[in-house]
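Engineer: Would you mind keeping the following structure in view while I ask a few things?
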Amino acid sequence: MKKAIAFIILVIFSAGFAAGQTTSSFNADSVSGSINFQGKQKLFSRANGGRLILPATLIAAGSAMYGKPGIMFQMLRDNYTPDYSSTLDEYVQYSPVALLYGLKISGIDGRSDWTRLITTNAISAVIMAGTVNAIKYTVKEPRPDGSRDNGFPSGHTALAFMSASMVHHEYGLTRSPWYSVAAYGLASSTAIMRVMNNSHYIHDVITGAGMGILSTELGYIFADLIFGKRHLLREEMKQKFSRVPDTPYSYFGSTLGFTKIQGIIKMSGNEYRALAGRSASVEGAFYFGNGKDSENSSSKSSLHTGIIINASVNSSSTYSINPIITIYPSPVPTFNWYTITAGPVISARAANLFRYGATAEMGYAGLKENDFGSYIPSRAGISLGGSLFIERHITDGVILKAFARSNNAIFKNSPDLPSLSYGGSVAVSLY
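Residues 1 to 431, numbered by this note's numbering, are exactly what the sequence shown covers, in order.
Written out as structure tokens, the structure is:
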């Protein structure tokens with residue numbers, strides 16, 4: 001009950017700002033260099049509510065995965081890196097904030113001057129530390145390694161994503177989206193290493209990421225109320241934001257999903273069927289004519305093409321159907337395979353609802369050696385497949401995507417693994 005209450009309060013807190021909107025845009029005066037706001041600053045506005053959609057989505061996703069679903073994703077870690085142990089994540093968690101202040105110290109101006117930047121950071125840090133620790137010591141979730149009962153949510157991940165979100169606001173939205181890619185990449189590395197170190201479940205780091213971003217967004221909202229138009233150095237890039245752009249933006253992101261090997265798997269004279277498995281991947285898409293919206297564009301309904309690159313890891317247990325095995329634990333194989341693929345992607349706009357598209361991919365497939373139940377040797381093979389997807393910007397610079405992917409990993413002297421996967425991804429758009 002305490003867990004449910006903590007989730008509900010946090011999600012309501014995130015969504016509570018979503019009523020009404022007064023846009024707070026600003027433009028640089030080309031003569032004086034000052035920045036002037038258009039419209040009054042309001043705490044409860046649709047503009048501020050829109051800023052909280054991404055963290056609320058991550059918090060909701062982490063909440064949905066809490067318990068058995070998140071624990072089941074831990075099999076990816078246990079099957080691929082069971083002996084991984086490193087203290088690197090203790091230092092990488094600070095790399096986004098080091099990037100933020102390193103850029104500032106080197107003389108590269110971001111959105112805010114020192115006074116406003118430090119104030120925003122302080123507000124964000126207080127919110128992040130207070131909420132994360134309050135939930136940690138209310139929920140008291142045991143860590144996967146059994147060391148302590150404060151696993152949910154991940155504080156390391158919350159800190160990293162809080163700082164990465166500040167880099168996104170200060171430099172990614174005012175200079176180049178590659179600053180956002182670098183910062184969120186470092187923060188994501190922290191989250192991945194926390195899971196690989198067996199310090200957290202996947203739902204711990206997803207919720208931690210959401211809370212870190214939420215803290216930063218609230219920090220900027222309160223800083224806007226405190227300072228108004230004062231202490232601002234740069235305006236955001238003059239990019240017309242659209243949740244469903246006329247032409248797609250290139251992006252880089254990560255995905256989580258469920259996968260299932262299709263059909264009957266034959267090995268050593270026995271026959272098996274697969275249970276639902278887990279998959280995780282990183283991917284990037286690079287479109288031609290990237291993100292060039294135009295009010296008078298004649299190609300709004302036309303297809304747009306590009307290249308997609310995907311690297312994924314997959315894991316799926318099986319059960320025997322011939323012969324039928326009733327003893328436990330059953331001596332049945334667990335398949336762990338990975339793919340690195342590339343191919344064309346096409347995308348089109350469905351009115352103002354979402355973009356949709358398809359990919360065709362091929363590349364390398366690898367079968368990881370293991371002896372979970374039955375010995376499976378490592379193999380190299382080829383991967384053939386494709387996917388269908390829909391996507392939509394949930395905030396400026398961030399894309400939410402849902403996908404279904406069909407893939408066949410073909411191996412010599414080992415069973416082929418035709419699989420169907422589905423899931424979602426969060427990506428940073430590259431203007």
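For every residue, glycine included, the Cβ atom is placed at its ideal position computed from N, Cα and C.
If we count the other Cβ atoms within 10 Å of its Cβ and call it buried at 16 or more, is Asn296 buried or exposed?
Structural biologist: For Asn296, the predicted model reports a pLDDT of 45, less than 50, meaning its position is unreliable; a value from the coordinates is still stated below. Exposed.
Engineer: In the DSSP output, which residue or residues are listed as bridge partners for Leu159?
Structural biologist: None; Leu159 has no bridge partner.
Engineer: Measure from the alpha carbon of Trp337 to the alpha carbon of each residue in Leu103, Arg379 and Tyr101, then state which is nearest.
Structural biologist: Arg379
Engineer: Under three-state DSSP, which class holds Met237?
Structural biologist: coil
Engineer: By DSSP, does Glu217 sit in helix, in strand, or in coil?
Structural biologist: helix
Engineer: Do you know offhand how far Met237's Cα is from Tyr171's?
Structural biologist: 10 Å
Engineer: How is the alpha helix (DSSP H) around Glu90 delimited, first residue to last?
Structural biologist: Per DSSP, the unbroken alpha helix (DSSP H) holding Glu90 starts and ends at Asp89 to Val92.
Engineer: For the alpha helix (DSSP H) that contains Ala122, what are its first and last residues?
Structural biologist: Trp114 to Val139
Engineer: Quick one, are the C-beta atoms of Arg247 and His168 less than 8 Å apart?
Structural biologist: First, the residue type needs correcting, since residue 247 is Thr and not Arg in the sequence shown. Taking 8 Å as the Cβ cut-off, Thr247 and His168 do not qualify as a contacting pair.
Engineer: Please classify Leu245: does DSSP put it in a helix, a strand, or coil?
Structural biologist: Note that residue 245 is Pro in the sequence shown, not Leu. If DSSP states are grouped into helix, strand and coil, Pro245 belongs with coil.
Engineer: Going by beta carbon distance, what residues of the same chain come within less than 6 Å of Ile307, once the five residues before and after it are set aside?
Structural biologist: Phe286
Engineer: Where do the ends of the beta strand (DSSP E) carrying Ala342 lie?
Structural biologist: Thr334 to Ala350
Engineer: In its own chain, which residues sit with a C-beta less than 7 Å from the C-beta of Ala360, not counting the 5 before and 5 after it?
Structural biologist: Gly343, Pro344 and Gly386
Engineer: Contact between the segment 116-126 and the segment 135-154: three or more CB pairs below 8 Å?
Structural biologist: no
Engineer: Could you give the distance in angstroms between the alpha-carbon of Val132 and the alpha-carbon of Gly49?
Structural biologist: 21 Å
Engineer: Applying the criterion that 16 or more other CB atoms from any shown protein chain within 10 Å of the CB defines a buried residue, is Phe161 buried or exposed?
Structural biologist: buried
Engineer: Given that a residue counts as buried once 16 or more other Cβ atoms are within 10 Å of its Cβ, and exposed if not, what is Phe73?
Structural biologist: buried
Engineer: Please classify Glu271 as buried or exposed, where buried requires at least 16 neighbouring CB atoms within 10 angstroms.
Structural biologist: Classification for Glu271: exposed.
Engineer: Are the beta-carbon atoms of Ile473 and Tyr422 separated by less than 8 Å?
Structural biologist: The requested residue 473 does not occur in the structure, where the chain is confined to residues 1 to 431.
Engineer: Residues in its own chain within less than 7 Å of Ala61 by CB, not counting five upstream and five downstream?
Structural biologist: Ile206
Engineer: Should the segment 215-227 be regarded as contacting the segment 62-72, the criterion being three or more beta carbon pairs within less than 8 Å?
Structural biologist: no
Engineer: Look at the Cβ atom of Arg234, then the Cβ atom of Asp109, and state whether they are nearer than 8 Å.
Structural biologist: At a Cβ-Cβ threshold of 8 Å, Arg234 and Asp109 count as neighbours.
Engineer: Of the residues Ala365, Thr334 and Ala351, which one's Cα is nearest the Cα of Thr341?
Structural biologist: Ala365
Engineer: May I have the straight-line CA-CA distance separating Leu76 from Ser189, to the nearest angstrom?
Structural biologist: 16 Å
Engineer: Please list the segments of the beta strand (DSSP E) lying wholly inside the segment 380-421, counting only runs of 3 or more residues, in order along the chain.
Structural biologist: 398-411
Engineer: Does DSSP put Gly107 in a helix, in a strand, or in coil?
Structural biologist: Note: Gly107 maps to coil in three-state DSSP.
Engineer: With DSSP as the reference, label Glu170 as helix, strand or coil.
Structural biologist: helix
Engineer: Going by other Cβ atoms of all chains shown within 10 Å of its Cβ, with 16 needed for buried, is Ser32 buried or exposed?
Structural biologist: Reliability fails at Ser32, whose pLDDT of 34 lies under 50, so the model's placement of it is uncertain and the value that follows must be treated cautiously. Exposed is the call here.
Engineer: Per DSSP, which residues does Ser320 bridge with? Please list them.
Structural biologist: The partner list for Ser320 (beta bridge, DSSP) reads Tyr272.
Engineer: Taking only three categories from DSSP, how would you classify Asn370?
Structural biologist: strand
Engineer: Please classify Leu225 as buried or exposed, where buried requires at least 16 other C-beta atoms within 10 Å of its C-beta.
Structural biologist: exposed
Engineer: Give the range of the alpha helix (DSSP H) segment to which Ile71 is assigned.
Structural biologist: Lys68 to Tyr80
Engineer: With distances taken Cα to Cα, identify the nearest neighbour of Ala493 among Gln93, Met65, Ala64 and Phe335.
Structural biologist: Residue numbering for the chain in the displayed model covers 1 to 431; residue 493 lies beyond these limits and cannot be assessed.
Engineer: Per DSSP, which one or two residues make a beta bridge with Thr305?
Structural biologist: Ile346
Engineer: Rounded to whole angstroms, what's the CA-CA distance from Ile59 to Ala280? Just pull it up for me.
Structural biologist: Going from the Cα of Ile59 to the Cα of Ala280 covers about 19 Å.
Engineer: Buried or exposed: Thr115, going by 16 or more other Cβ atoms within 10 Å of its Cβ?
Structural biologist: With fewer than 16 Cβ atoms within 10 Å of its Cβ, Thr115 is classed as exposed.
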